[in-house]
Structures are given as structure tokens and as C-alpha cells.
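In order, the protein sequences belong to chains A and B.
At position 128 of the first sequence (counting the first as 1) the number is 127 in numbering that gives the first Met the number 0, and the numbers step up by one without a gap.
At position 169 of the second sequence (counting the first as 1) the number is 168 in numbering that gives the first Met the number 0, and the numbers step up by one without a gap.
All C-beta atoms in this analysis are idealised placements derived from N, C-alpha and C, irrespective of residue type, glycine included.
Below: the structure, in C-alpha cells.
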Amino acid sequence: MRWQYVLHIIGALVACVGMTMVLPLAWGAYYGDGTAVPLALSMAITILSGALMFFVFRDPVAAKSAMTHREGMAIVALGWFAAGAFGGLPFYLGGTFESVVDCVFESLSGFSTTGSSVLTNIEAVPRGILFWRSLTHWLGGMGIIVLSLAILPFLGVGGMQLYKAEVPGPVPDKLKPRIKDTAMTLWKVYVLFSVIETILLMFGGMDFFDALCHTFGTMATGGFSTKNTSVAAFDSAYIDYVITIFMLIAGVNFSLHYLLLKWRPAAMFKDPEFRVFGVMTAVFIIIITIAVYAGGNYDSVSDSVRYTSFQVAAILTTTGFATADYELWPGITQAILLFCMFVGGCAGSTGGGMKVMRIMLLVKHSYKELFRLIHPRSVNRVKMGKTVVQDDVISGVWGFFILWIGLFVLAAFVVAGTGVDVVTSFAASLACIGNIGPGIGGVGPTDNFAWLPDTAKWVLTFCMVLGRLEIYTVIILFVPEFWRK
Amino acid sequence: MRIIIIGAGEVGFHIAQRLAVENKEVVIIDKSAEALRKIAESSDVQTIRGSGSSPEVLEEAGIMDADIFLAVTDSDEINLIACFFANMLNEKVTKLARIRSGMYTNYKHLLTGEGAGITKIINPDEEVVNSVLRLMSVPGAVEINEFANGKIRLIGINLPEDSPVVGVKLMELRQKIGDELGIVIAALVRDGELIIPSGLNTIQKDDVVYFVCDIREQEEILERLGVPSKPVREVMIIGGGNIGYKLAKALDNKYYHTRLLENRQKRCEFLSERLDRPIVLMGDSTDQDILREENIHDMDMVIAVTGDEETNILTCLLAKSLGAKSTVTRVNNFGYMPLIEPIGIDYVVCPRQSAINSLLHFIRRGKIISTVSIKGEAAEALEVIAHEDSPIIGKKVMDLAFPKGCLVLCFQRGDEVVIPRGDTIIEQQDRLIIISARNNIPKLEKALTTKVEFF
Numbered sequence: 000m001r002w003q004y005v006l007h008i009i010g011a012l013v014a015c016v017g018m019t020m021v022l023p024l025a026w027g028a029y030y031g032d033g034t035a036v037p038l039a040l041s042m043a044i045t046i047l048s049g050a051l052m053f054f055v056f057r058d059p060v061a062a063k064s065a066m067t068h069r070e071g072m073a074i075v076a077l078g079w080f081a082a083g084a085f086g087g088l089p090f091y092l093g094g095t096f097e098s099v100v101d102c103v104f105e106s107l108s109g110f111s112t113t114g115s116s117v118l119t120n121i122e123a124v125p126r127g128i129l130f131w132r133s134l135t136h137w138l139g140g141m142g143i144i145v146l147s148l149a150i151l152p153f154l155g156v157g158g159m160q161l162y163k164a165e166v167p168g169p170v171p172d173k174l175k176p177r178i179k180d181t182a183m184t185l186w187k188v189y190v191l192f193s194v195i196e197t198i199l200l201m202f203g204g205m206d207f208f209d210a211l212c213h214t215f216g217t218m219a220t221g222g223f224s225t226k227n228t229s230v231a232a233f234d235s236a237y238i239d240y241v242i243t244i245f246m247l248i249a250g251v252n253f254s255l256h257y258l259l260l261k262w263r264p265a266a267m268f269k270d271p272e273f274r275v276f277g278v279m280t281a282v283f284i285i286i287i288t289i290a291v292y293a294g295g296n297y298d299s300v301s302d303s304v305r306y307t308s309f310q311v312a313a314i315l316t317t318t319g320f321a322t323a324d325y326e327l328w329p330g331i332t333q334a335i336l337l338f339c340m341f342v343g344g345c346a347g348s349t350g351g352g353m354k355v356m357r358i359m360l361l362v363k364h365s366y367k368e369l370f371r372l373i374h375p376r377s378v379n380r381v382k383m384g385k386t387v388v389q390d391d392v393i394s395g396v397w398g399f400f401i402l403w404i405g406l407f408v409l410a411a412f413v414v415a416g417t418g419v420d421v422v423t424s425f426a427a428s429l430a431c432i433g434n435i436g437p438g439i440g441g442v443g444p445t446d447n448f449a450w451l452p453d454t455a456k457w458v459l460t461f462c463m464v465l466g467r468l469e470i471y472t473v474i475i476l477f478v479p480e481f482w483r484k
Numbered sequence: 000m001r002i003i004i005i006g007a008g009e010v011g012f013h014i015a016q017r018l019a020v021e022n023k024e025v026v027i028i029d030k031s032a033e034a035l036r037k038i039a040e041s042s043d044v045q046t047i048r049g050s051g052s053s054p055e056v057l058e059e060a061g062i063m064d065a066d067i068f069l070a071v072t073d074s075d076e077i078n079l080i081a082c083f084f085a086n087m088l089n090e091k092v093t094k095l096a097r098i099r100s101g102m103y104t105n106y107k108h109l110l111t112g113e114g115a116g117i118t119k120i121i122n123p124d125e126e127v128v129n130s131v132l133r134l135m136s137v138p139g140a141v142e143i144n145e146f147a148n149g150k151i152r153l154i155g156i157n158l159p160e161d162s163p164v165v166g167v168k169l170m171e172l173r174q175k176i177g178d179e180l181g182i183v184i185a186a187l188v189r190d191g192e193l194i195i196p197s198g199l200n201t202i203q204k205d206d207v208v209y210f211v212c213d214i215r216e217q218e219e220i221l222e223r224l225g226v227p228s229k230p231v232r233e234v235m236i237i238g239g240g241n242i243g244y245k246l247a248k249a250l251d252n253k254y255y256h257t258r259l260l261e262n263r264q265k266r267c268e269f270l271s272e273r274l275d276r277p278i279v280l281m282g283d284s285t286d287q288d289i290l291r292e293e294n295i296h297d298m299d300m301v302i303a304v305t306g307d308e309e310t311n312i313l314t315c316l317l318a319k320s321l322g323a324k325s326t327v328t329r330v331n332n333f334g335y336m337p338l339i340e341p342i343g344i345d346y347v348v349c350p351r352q353s354a355i356n357s358l359l360h361f362i363r364r365g366k367i368i369s370t371v372s373i374k375g376e377a378a379e380a381l382e383v384i385a386h387e388d389s390p391i392i393g394k395k396v397m398d399l400a401f402p403k404g405c406l407v408l409c410f411q412r413g414d415e416v417v418i419p420r421g422d423t424i425i426e427q428q429d430r431l432i433i434i435s436a437r438n439n440i441p442k443l444e445k446a447l448t449t450k451v452e453f454f
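Written out as C-alpha cells, the structure reads:
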């Protein structure tokens, strides 16, 4: 472990994050809402700290040899926490929150695309700050590291280690031979969809600012809105459907989008994970629509379809926007939504949760074990489509599953220990580790996280990063073996 | 530039690694997930699991917009079929194949013609034979490379302790050994570390000195450097495989006294039928009695080229201890390379390294016409022609925008070898020999080809 080197790279990442603050700064200056000064100050502090780290820890000897696994993971995990801390500066200097924990919570909730908020009155916050809040989503969605890989040339050598540590999914795809080009391609696809969605939302009557902020929330599957009542504030079926569709798009592997744009749609529809994701979404929407219509929650079928499809997409892709209070819906619908919270989006998407691919692998592997009990001599490999999945990938997925559930429960215990009721503790922990946003109980779609005790907020902040970086990258820092020479 | 490599074995691995460092787009195809994972972890390349001879896999790898296609699996047949399909799918791609078996290489014209359309066939065994022959031609050299169609040589040599140039500053070197001789020191290897020197560096005891000279002056220079030059005549080749046989064949003349030791009866018969003067011996190479019987202590050079590298190494050590003057060993595994010198073996030849050299030579198209690696892979010597549109023409050598650690060693102008001074002006059609540390190659390439520097 070359600490100098790790800090050197983290410095570059922090400086990168600082650069992006120029966007909210432009909004702040444009609106003249008094956020220009705190944003400029945050930007200066962030860039200077990053540059300082970058230059102080420069080590020409270390830069020559390749980055190891360990260093890659340390850089990504610590880099994310650093980004979260510096990303909280605008909230702190802008006077949005009094306490440090709230600033960091909000910032990391943004970067990790969770969308859980500790803001009680969103509309009272100046637009410059709100823009930064949404922008953190967009940056974190495709990934700070992936962005840095695309723009920082010197990361190329150890790039794969960093890429693997940040990109969701058991086996990351490499679209192009070079990691820089892969990162660039993913960002291009991401930007393209974002532009389309912004335009479509503006057609629906949103102003440019709202359209952009909601696009950031959608494409990153984040969930921060600029309205107190989230997307429901616009009360437009058109906007609901546009957001629904783009949430689902964001929940699909971006490699598939790339192939689609290269006009190879067959690749998308043959992809087993995409199929399961599609079928699952459709089935859940149908069941819930029937349940809410039969339960009398909505008067017309069209309303039922509109609200349920939005909510299924929002929860399954772990976006967490709200147009309806699903806590008023029948029990079965809430059970299904709860299941969706565990599953999350596809591997390689911006969604959170455990990922459809992993659930599929676990189910297939479990079935294989059952099959072996019936045919003890059978030789049988787990396949995704036509590709055989290597055994080490499967054991990795099992490890992930156990750690995910274990840490989710552990976090829930700690939150409950701070005096929060049991349903809320479990829901809050799940909402954060799954990067969803709202949960049920005290942190449901109509509530927020502001009232939780500080300790609970710290734990949940940590959970959000755990979930976004898919456990291993972060938790490895807590394994004593990692620190041994 | 997109490069597709079939086979992630030792050759594929190293080429991919080298090219990825130089910012090329590299896609590597192999059947073994293990091999692919190894390469994906160490370099920035895309990996595809599958058979390189399958057109479907080739399409997936993007053969349509590839520039170079390398087939370097261990199987000649797979390499051939892969090239064949690559040719069908994209005729324009440059196809290089590693092919070893004599039954194919004897028909090179068929392979490079219409059918498979292979641009170049790389035969590592042949390259090894050539490098052994070169080593024999300069006794005492650790490495010899040729440029300008063999007119200029880059020679690496262990200076004897009593050499007159030890302790001499490089800028004074030419006065010391005579100003009329053209010699440039390209690099010094000191304690395993490669130094690209300036005039202020001093030659020290135990340095390996790499220098460039005109081949016509080579012997004179070696003499003045104090290198004893007793020609090699008594040779023992150990291992009568493909390489051993080819080597013996090349030494099958009046000048050399060659013995060829092989432990398989059948193979010995085969060899003795085809060889005239070399003596074919049957026996085990680690058997001291045979070695003594054949006067091993009189041998100028013992060359161990069996397929088993451990045997080669041990045999060489044994031969050395029994009094052989110098030893050459064939090693395949790159992991052993750093060991060879310390344990007392004089020279290494490595078919894979040779294959890598000739492949890289070919890949650096454009202005650079030839490259060789020196000291494993720490530096490369490049041969460049200054074409009319090149930005370096008309500039003084000292004004060239070359990165640090690059040195213009010499150039060939017409038939003459010119040793440049700082104010020498580069003319059209000059062939420059440049040495560069490996990590500066991309910058150097850029300086040679583009007129505008972006950074």
C-alpha cells in the first residue's frame, strides 16, 4: 500500500469534484439568490485542497508501477467519502444546515444516488444550492471515478482497478479496449439520455431549472426533487410517464444502451438480465394496478396505471421519487414494493439495490443445488443466457448477498438503538443501503430523515456509500488483513 | 489504432502489455478465462473469451475496424485459420502470424499470397537461430542488434576489467580510442539498471556497455575497447529439436566444429541423415561423462536449446563448471530472465522475446521502420527514416523536441554512417537510430510524426 500515491490520486478526484461546482455557481450568479459567494468559496476550498493533496503527495517513483487491487479499492472508497465531505461544503457555507452531519448526509445521499433528504422545506432553499444538490446525483450516478477516468489521462494505467471498484455489478463490462474510452462512451450515453429527458420534460411545462434537476434525479436514479411534494407537485400525467420511462431506462445496463444506439437492438432483447427486469416490472405494475384499483384507492384505471407504474419504476430502479403515498395502498402492494427495494436495477445501470443480475444468479445457483439432489451425478453449470458463469463469480455473489443483508440488519440495529421505532429503523437502513431514498414507516414517501438522531444519520450516511460501492470496496477498509504489510 | 491479438500466452501477454502502455486500443482473445483475467488485471486492454479462429468472435472483437491482427497462439493451425477468417472479414487489416512448423514456413509464399493473405509470418525459432549466430560473430557481446539492413549494429558488451575505457567520461571516449572510429554509447547497464547516458557519465567497472557502430569498424572498435576477440569455432549444441537442428544446419561448414547432443534415438537418426559435418551424439546433456568425453572444456560456446528450460540452465551451469568458455541458454519463461546473469550464464535467447521483437517491429508502421528491445524491455532502439514531410528535417539534433531519455545515436546518410554532434542538421532520407526508454516511446512517436505539439 503506497499511501502517498493513494492520497495523490484522491487529491485529483477531489479537485475534479471541485471543478463541477462551477455549474451551480453559474446558476447562483444567474439568479442572484445569494448563493454565489458560498458556492464560489466551496469551490475554491475544494479545488485548493485537492490540488494541494495532488502536489504534496506527488511521487514520481510510485507513479511508474501499476496500481494494485488494494490501492484501487482504497482510492475509490476514501475518494467517495472525501467527495461527500467536500460536497457538503455548499450546504454548510450556504447556511442550509446547521450541523455537519446534515451536510454530509445530504451530500452523500446525492452522490450515492440515494435521495434520502434531511431537508424539511426544499422550496425555501435557494436555487444555486438546490442545483448542486441535484448535480451530486448526476455525478454520482455514472460515477465520480468513471468521470475522472474519462477526463484524467494519467489514471489510465490503474484505471481498471478503479473502474471495477466503482461500477455496479458482479462482472463489469468493458465496452472499448481502453478504459478511458469505455468511461467516455458511458458518459456520452448518459449525457445523451439526460439531454433528451430534459427536453421532453420542458415540453411538459417544466421550466429549464426544474427539468434539469429532475433529469439529474431520474437518470442517476437518485430522487432529489426541487419541490416539497416531489414529482407530485407538477400533477401532470405526461411528466409522470416521461419520468417513469427514463427511470426504467436508467435502471438498465448502460452497455446495452450503447449497443442499442449502435443499432444492435437484438443484443438488448437477448440479454437475460434485461428480459427479467422487463418482465418483472410489467408483472409488478399489473398486480399493483389491479390491487389499488380493486382497493378503491383510485377512481379510474388510467390513474391507477399512472401512479402504480411510476411507483414501481421509482422503487425498483431505486430512484425514490414520489407521486403517491404508497403507505395508503393495500398490503400486498407494499410487500411487492418492499421486495423491489431489495432487488434494485440491473448491473451496470445507475440503480442501487442488490441488482437483478445477482438475484438471478442466486436463484439459478440455488436451483442447481436442488437439481443436484435429484440427479447426484449431474454436471451442471450456471449460465446467463449462453455464457457460463465462473464459480468464483458465484461465490462472490453469495458473499455479497450475505454481507449486504448482514450490514443492512446491523445498521438497522444501530438505528433502533438510538431510539427509533423498529419498522422505521429497518426501512431507513434498507432505503440507504439500497440507495432508494424513501422507505416505509417514519421515513415513508411523505416523511423525511431530518428527525432522526445524529448517530443514526452517520450510520445511514455510511450505509449509502456501502450500497453505492457495492459493499466490498468499502468494507474491505475495515478488514484488519487489508492493513497488514 | 485498434489491434486484435489472438492468444493470451506469453507472447500475446507481453505484446498486449507493451501496446496498451503506448495507448493503443488492444483487444485480446483467448479460450482461457484465467489467462484473460491475468492480462485484464495488469493492463488496460479489452478481453474476449472464445476461440480466435471463430469468425463470430472476430466480429465481436471489431475486426472490421481493426488495423492490425496478431495470431500468436501456440498452435500454428489456429493462427492460420484465424488469419484466414480475418482476411475474409477485413482484407485491409495487417495480419501477422506466429508459425513455427517447417511444413508451413517452407511455403511462405503460399501463406502470404492470395489465400490467407498473411502480411508477415513470424517464426520465433528462426529468429532465435539468427540471434545465436549473431552472438557467435562477436565474442563477448551480450546482445547484438542490427539496423539499416545489417550495416549498423547495436552491440551490448561486458567490458573486461583491464579495458582502457574504464573510468573514462563519455565525452572523452572518442579521443581515447581514436577519433577516426565512429562509436556512440547508447546505454549503460549498471547494477541491473539501464542508463541512457549523456556526455558527462563515466564508464565504470562491471558496466554492460551498449554501443552503436558501423559494422565495418566493429572489429577495430572491439579491439580498442580491450575486448579479447577469439573467434568461436568449437561449438556444442545441446538439444536437437527444431532450433538445434536449424542451428546445426547453419553451422554445417568447414569453419566450425560442431557437436550436437540429443537424447532421443530416433531424432538422432533423423539429424544425422540431414547433417553433414556436425557430429550427432546421443546422450543425456546432464551426464558429465559424455560432456568430458567430448572435451567440453575446449568448447568456445555451449548452446543449450532443448525445449526444457530448466535442463538448459542446469546444463549450461554444468558446462561452465567443466570449463566451457561461454554458454548460451534458451529460456521461455520470462520469470527466469533476471536470474540468468547472476548465476553465471553468459547469454540468453528467448523465442518469445524474439517473436515479440519482430512483431513490434512490424506494428510500428509509418516512420519507424525497425525496433529492438534492449535489456529485457527497459528500452528500445528505433530505426527511423526522415521522410520529406517529417517535422524533424532541417533541424539541428540538439533542437529536436524529443522527450527526456531519448538519444539520437547515429544516422546513415547514403552509404555513410554519421555520428551526430549537437549541431548536425538532419536531412531528407537520413536513417536515424534512436534509443529511448520504453515509457517515452509514445511521446517520441508523436515528435516524429506530428508537426504540432499539443501539450
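Report task. Determine the closest residue to LEU18 of chain B out of B:ALA34, B:MET87, B:ILE38, with distance taken between C-alpha atoms. Result -> B:ILE38
Report task. Can you give me the Cβ contacts of ARG132 of chain A inside the same chain, cut-off strictly under 7 Å, excluding the 5 residues immediately before and after it? Result -> GLU105, GLY109, PHE223
Query raised in the report: In chain order, what residues of the same chain lie with their CB nearer than 8 Å to the CB of ARG274 of chain A, ignoring the 5 residues before and after it?
Result: PHE268
Requested in this report: Please confirm whether ASN331 of chain B and ARG99 of chain B have their CB atoms less than 8 Å apart.
Outcome: no
Requested in this report: Measure the CB-CB distance between GLU326 of chain A and ILE439 of chain A and report whether it falls below 8 Å.
Outcome: yes
**Report entry** Beta-carbon proximity of TRP26 of chain A to PHE130 of chain A, cut-off 8 Å
**Finding:** yes
Query - ILE295 of chain B to LEU224 of chain B span [Cα, whole Å] - result: 29 Å
Requested in this report: Residues of the stretch 184 to 195 of chain A with a CB closer than 8 Å to any CB of chain B: list them in chain order, please.
Outcome: none
Report task. Return the CA-CA distance between GLY416 of chain A and GLU55 of chain B, expressed in angstroms with no decimal places. Result -> 58 Å
Query raised in the report: In three-state DSSP terms, what is HIS13 of chain B?
Result: helix
Requested in this report: Answer with yes or no whether the minimum CB distance from ASP429 of chain B to chain A is below 8 Å.
Outcome: no
Query - Proximity below 8 Å, CB of ALA323 of chain A to CB of TYR306 of chain A - result: yes
Query - Residue nearest to LYS179 of chain A in terms of C-alpha spacing, selected from A:LEU146, A:PRO444, A:THR332, A:PHE461 - result: A:LEU146
**Report entry** Min CB distance GLN389 of chain A to chain B below 8 Å
**Finding:** yes
Query raised in the report: beta strand (DSSP E) containing HIS256 of chain B: first to last residue?
Result: 256 to 261
Query raised in the report: Under 7 Å Cβ-Cβ, which residues of chain A neighbour ALA468 of chain B?
Result: Since the first residue of chain B shown is 0 and the last is 454, residue 468 of chain B is not available in this structure.
Query raised in the report: Do the stretch 271 to 285 of chain B and the stretch 305 to 319 of chain B meet, that is, are 3 or more Cβ pairs less than 8 Å apart?
Result: yes
Query raised in the report: Skipping 5 residues on each side, what residues in its chain have a beta carbon closer than 6 Å to that of PRO444 of chain A?
Result: ALA321, ASP324, PRO437
Query raised in the report: Helix or strand or just coil, what does DSSP make of ARG329 of chain B?
Result: strand
Query - Three-way DSSP call (helix, strand, coil) for MET298 of chain B in this model - result: coil
Report task. Please go through the same chain and pick out, in chain order, the residues whose beta-carbon is closer than 8 Å to the beta-carbon of ILE342 of chain B, but skip the five residues on each side of it. Result -> ILE312, LEU316
Query raised in the report: Secondary structure at ASN144 of chain B, three-state DSSP: helix, strand or coil?
Result: strand
Report task. Could you tell me if ASN356 of chain B is buried or exposed, where buried requires 16 or more neighbouring beta carbons within 10 angstroms of its beta carbon? Result -> buried
Requested in this report: Quick one: measure Cβ to Cβ for VAL188 of chain A and HIS256 of chain A, integer angstroms, because I've assumed they're closer than 8 Å.
Outcome: 5 Å
Requested in this report: Return the CA-CA distance between GLU452 of chain B and GLY78 of chain A, expressed in angstroms with no decimal places.
Outcome: A caution first: GLU452 of chain B carries a pLDDT of 35, below 50, which makes its placement in the model unreliable, though a value can still be read off. Between GLU452 of chain B and GLY78 of chain A, the C-alpha separation is close to 33 Å.
Query raised in the report: So what does DSSP say about ALA378 of chain B, is it helix, strand or coil?
Result: strand
Query raised in the report: Of all the CB atoms in chain A, is at least one closer than 8 Å to the CB of ASP43 of chain B?
Result: yes
Query raised in the report: LEU224 of chain B by DSSP, collapsed to three states: which one?
Result: coil
Query raised in the report: Taking the Cβ atom as the reference point for each residue, do GLY343 of chain A and THR317 of chain A lie within a distance shorter than 8 Å?
Result: yes
Query raised in the report: Whose C-alpha, out of B:LEU447, B:ASN438, B:TYR244, is nearest the C-alpha of GLU21 of chain B?
Result: B:ASN438
Report task. List the endpoints of the continuous alpha helix (DSSP H) containing MET63 of chain B. Result -> Neither: MET63 of chain B is in no alpha helix (DSSP H) and is coded neither H nor E.
Query raised in the report: Skipping 5 residues on each side, what residues in its chain have a beta carbon closer than 6 Å to that of ALA34 of chain B?
Result: ALA7
Query raised in the report: Beta-carbon of GLY142 of chain A versus every beta-carbon of chain B: anything under 8 Å?
Result: no
**Report entry** Assigned exposure category for VAL482 of chain B - 16 Cβ within 10 Å defines buried
**Finding:** Nothing can be reported for residue 482 of chain B: it is not among the residues displayed for chain B, which extend from 0 to 454.
**Report entry** Below-8 Å beta-carbon distance, ARG176 of chain A vs any chain B residue
**Finding:** It should be pointed out that residue 176 of chain A corresponds to Pro in this sequence rather than to Arg. Yes, contact with chain B.
Query raised in the report: When you compare only the Cα positions, how much space is there between PHE454 of chain B and ALA14 of chain A?
Result: Because the pLDDT at PHE454 of chain B is just 32, under 50, the model does not fix this residue reliably, and the value given afterwards should be weighed accordingly. Distance between the alpha carbons of PHE454 of chain B and ALA14 of chain A is about 21 Å.
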